[in-house]
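Presented below is the structure to which this report refers.
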Ligand SMILES: O=C[C@H](O)COP(=O)(O)O
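In this note's numbering, the protein residues as written are 254 to 515.
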């Protein structure tokens, strides 16, 4: 990764932890990270709890002045109105959320979200003052027919259609075949796709914004494999699923510099 970009260690809780469990988790995480502040200097840590936990996480983070960012796992394309079950970027902003995930493969495939929908969600987040964390990634089937970077690059091109130089967003490259699989991509595979994605960002929003945009890797990240990814020049952090639900493991991931010899 480049020194110009602050590493982002993001934990996607998916549909895990109710608000009471969320409070207990964040308290433990805060203690764990506070004890080891020097191990993760200049690293940003963020969690993505279910919507029903966000108010509790906000209260805790603000009351205890925790250096922890948080965000939603999805966002509506609308601002308000008759959209049963949806949550707008405006509501997330009111909870001081920093980020929102859009285009996670579990939404693309299980909820049949199209590239157009994901582009509209990314735009809605940006317009509502929330930084979209745009997920892209190929399935194992895609790999039989295309180069590894082809599908993620197309997905990213589609998502950035309304973006312009200076807009802030984060990209997460998550090969679908590596999610929850216990076997991640290799750092070389992650770097190859991340460098293509940076070029897509450059073509969409220009050199300056591309140089500042963080590209994360996600898919079976753990404390014993993160260092390899963080050594890749175009990988600026990780989006962690399963391992983000274990305080000690997630804290060890955030403190990856302790184990790295650069
Ligand atoms: O959003 C996170 C990803 O889906 C990765 O999940 P995982 O770390 O359990 O493979």
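Using N, Cα and C, we set each Cβ at its ideal position, and we do this for glycine too. Just so you know, these numbers come straight off a predicted model, no measurement behind them.
- Put simply, the region 284-296 does not touch the region 324-342. Fewer than three CB pairs are less than 8 Å apart.
- Going by beta carbons, residue 262 and residue 419 fall outside the 7 Å limit.
- Around the beta carbon of residue 506, a 10 Å sphere encloses 16 or more other beta carbons of the protein chains shown; the residue is thus reported as buried.
- Within its own chain, the residues whose Cβ lies closer than 6 Å to the Cβ of residue 388, once the five positions on either side in sequence are excluded, are 356, 357, 425, 427, listed in chain order.
- Per DSSP, the beta bridge partners of residue 388 are 425.
- If you draw a straight line from the Cα of residue 295 to the Cα of residue 335, it comes to about 42 Å.
- Unbroken alpha helix (DSSP H) stretches of 4 residues or longer found wholly inside the region 346-388: 358-363, 368-380, given in chain order.
- For the alpha helix (DSSP H) assignment, the uninterrupted runs of no fewer than 4 residues enclosed by the region 278-341 are, from N- to C-terminal side, 307-316.
- Non-local C-beta neighbours of residue 478 in its own chain, meaning closer than 7 Å and more than five positions away in sequence, comprise 437, ordered along the chain.
- Contact check for residue 446 against residue 401 passes: the beta carbons are separated by less than 7 Å.
- Secondary structure note for residue 265: its beta strand (DSSP E) is the uninterrupted segment 261-265.
- With fewer than 16 other beta carbons inside 10 angstroms of its own, residue 397 counts as exposed.
- Taking the Cα of residue 469 as reference, the smallest distance to any Cα among 460, 371, 442 is reached at 442.
- Taking non-hydrogen atoms of ligand 1 into account, the C-beta of residue 445 is found less than 6 Å away from none of them.
- In this structure, ligand 1 has no non-hydrogen atom nearer than 6 Å to the beta-carbon of residue 386.
- Cβ-Cβ distances below 6 Å link residue 415 to 376 in the same chain, with the five nearest sequence neighbours on each side left out; the list follows chain order.
- The three-state secondary structure of residue 467, taken from DSSP, is strand.
- Residue 275 is a Cβ neighbour of residue 310, given a cutoff of 7 Å.
- Remark: the shortest separation between the CB of residue 454 and any heavy atom of ligand 1 does not fall under 6 Å.
- Our two residues, residue 353 and residue 493, have alpha carbons roughly 14 Å apart in a direct line.
- DSSP places residue 492 inside the beta strand (DSSP E), whose first and last residues are 490-493.
- For residue 472 and residue 480, the gap between their C-alpha atoms comes out near 14 Å.
- Nearest to residue 306 by C-alpha distance, out of 292, 277, 284, is 277.
- Distance check between residue 383 and each of 330, 393, 504, 403 places 330 closest, using alpha-carbon atoms only.
- Per DSSP, the unbroken alpha helix (DSSP H) holding residue 479 starts and ends at 479-483.
- Cα atoms of residue 272 and residue 280: separation of roughly 12 Å, rounded to the nearest angstrom.
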